[in-house]
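**Q**
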Amino acid sequence: MSDGSNRWDAGHYDGEHAFVYEYGADLLGLLAPEPGERILDLGCGTGHLTAEIADAGAAVLGVDRSPSMVREARAAYPDIPFARADARSLPAEGAFDAAFSNAALHWIPEADHDAVLSTVREALVPGGRFVAEMGGRGNVAALVDATVAELAARGYAIENPWYFPAVGEYTSRIESHGFEVTLARLFDRPTELEGGPDGLRNWLGMFGDSLLADVPEDERDDVLGAVEDWLREEMYDPETETWTAGYRRLRFVAVRTDG
Ligand code: BEZ
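In our numbering, the protein residues as written are 1 to 259.
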């Protein structure tokens with residue numbers, strides 16, 4: 001999620017990492033928002049998908065933990081309500097027909113997902129649906145492994161800061177919170193990183209705060225260069241000058257059951 005664990009630069013996020021919401025547009029087909037429905041967009045970032053939900057005629061509320069994302073979303077879409085809120089504690093009992101989330105849930109620590117799922121359930125009407133996509137098991141594994149290994153070689157003990165669950169693990173978790181999972185899928189989506197030869201370091205600069213937090217500013221360039229060296233053969237195409245990351249998505253639709 002656009003979470004406190006990363007220092008978000010909302011302008012950069014939109015400019016150079018637009019694939020995050022561009023890919024999410026596809027997920028809207030599964031949400032299938034109807035005119036008049038009340039929909040919660042969890043981890044809405046800069047609000048582009050929230051706006052598409054509003055365009056379908058739904059009454060949507062976008063929430064994000066990051067103040068800069070909420071500021072940017074409000075400036076871009078002044079007619080849509082956006083609020084700063086944490087997915088673990090939403091004050092919104094039974095207020096929504098559906099909840100939606102794209103590329104946000106993996107930012108929430110694994111230990112907090114029971115709180116998130118019970119909060120989402122409470123926010124939905126009986127029969128309400130939860131449609132979401134997050135990084136799944138193995139997501140950006142080469143990138144994370146190389147960075148963690150390079151940091152370990154330099155004496156920094158850092159672990160994968162994100163939660164990328166397997167299908168069975170996460171669907172069981174959803175079901176244990178009073179949902180029926182009607183669709184779940186883990187799939188590869190190789191993703192070209194924007195910025196040409198700088199794509200990998202741009203990505204780490206945008207998303208990797210929690211990986212690089214302990215590294216002093218004057219050592220970062222060396223770390224990034226070393227990670228590029230580790231990954232060039234596997235991820236870089238010199239002809240097109242593009243880095244491609246091994247994104248793996250976990251997508252699901254779950255419906256609130258009652259009783
Ligand atoms: C993702 O969307 O899969 C992702 C984005 C940033 C960091 C980690 C994962």
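Note that beta-carbon positions come from the ideal geometry of N, C-alpha and C, so glycine has one too.
Remember, it's a predicted structure, so these values are computed and weren't measured experimentally.
1. Comparing the CB of residue 140 with every heavy atom of the ligand BEZ, is any distance shorter than 7 Å?
2. So what does residue 250 bridge to, in DSSP terms?
3. Mind checking whether residue 51 and residue 80 have CB atoms under 8 Å apart?
4. In or out: residue 188 buried (at least 16 other Cβ within 10 Å) or exposed?
5. Which one or two residues does DSSP pair with residue 82 in a beta bridge?
6. Considering only DSSP beta bridges, list what residue 245 is partnered with.
7. Give me the Cα-Cα distance between residue 94 and residue 32, rounded to the nearest whole angstrom.
8. How is residue 258 classed by DSSP in three states: helix, strand or coil?
9. Under a three-way DSSP split, which group does residue 40 fall into?
10. For residue 101, count neighbouring C-beta atoms within 10 Å of its own C-beta (all shown protein chains included) and say buried if the count is 16 or more, exposed if not.
11. Measuring straight from C-alpha to C-alpha, what distance separates residue 122 and residue 64?
12. Between the segment 218–227 and the segment 141–157, can you find at least three pairs of beta-carbon atoms closer than 8 Å?
13. With 8 Å set as the bound, which would you pick, yes or no: does the beta-carbon of residue 238 sit closer than that to a beta-carbon of chain C?
14. How close, in whole Å, do the beta carbons of residue 140 and residue 205 come, if the pair is a contact with beta carbons under 8 Å?
15. Is it true that the CB of residue 130 sits closer than 8 Å to the CB of residue 254?
16. Expressed to the nearest angstrom, what Euclidean distance is found between the alpha-carbon atoms of residue 26 and residue 73?
**A** Let me lay it out:
1. On the sequence shown, residue 140 is found 140 positions in, with the first residue counted as 1. The answer is yes for residue 140.
2. Start at 1 with the first residue of the sequence shown, and residue 250 comes out as number 250. Per DSSP, 134, 186.
3. Reading the sequence shown from its first residue, position 51 is the one you call residue 51. Reading the sequence shown from its first residue, position 80 is the one you call residue 80. Cβ distance < 8 Å, so residue 51 and residue 80 count as in contact.
4. Within the sequence shown, numbered from 1, the residue matching residue 188 stands at position 188. Flag for residue 188 reads exposed.
5. Position 82 of the sequence shown holds residue 82. Per DSSP, 62.
6. Your numbering for residue 245 matches position 245 in the sequence shown. In the DSSP output, where bridge partners are listed per residue, residue 245 has 191.
7. In the sequence shown, the residue the question calls residue 94 occupies position 94. In the sequence shown, the residue the question calls residue 32 occupies position 32. Near 20 Å, if we compare the C-alpha coordinates of residue 32 and residue 94.
8. In the sequence shown, the residue the question calls residue 258 occupies position 258. The answer is coil: DSSP assigns residue 258 none of H, G, I, E or B.
9. If you number the sequence shown from 1, residue 40 lands on position 40. DSSP places residue 40 in strand when its eight states are reduced to three.
10. Sequence index remark: in the sequence shown, residue 101 carries index 101 (1-based). Buried is the call here.
11. Locating residue 122 in the sequence shown gives position 122, where the first residue counts as 1. Locating residue 64 in the sequence shown gives position 64, where the first residue counts as 1. Taking the straight line joining both Cα atoms gives about 18 Å.
12. yes
13. Going by chain labels, chain C is absent from the structure shown, which holds only one protein chain.
14. Stepping through the sequence shown from its first residue, residue 140 is reached at position 140. Stepping through the sequence shown from its first residue, residue 205 is reached at position 205. In fact, because the Cβ distance is near 15 Å, the residues do not count as touching under 8 Å.
15. Walking along the sequence shown from the start, residue 254 turns up at place 254. Walking along the sequence shown from the start, residue 130 turns up at place 130. A contact, by the Cβ cut-off of 8 Å.
16. If you number the sequence shown from 1, residue 26 lands on position 26. If you number the sequence shown from 1, residue 73 lands on position 73. So the alpha carbons of these two residues sit roughly 20 Å apart.
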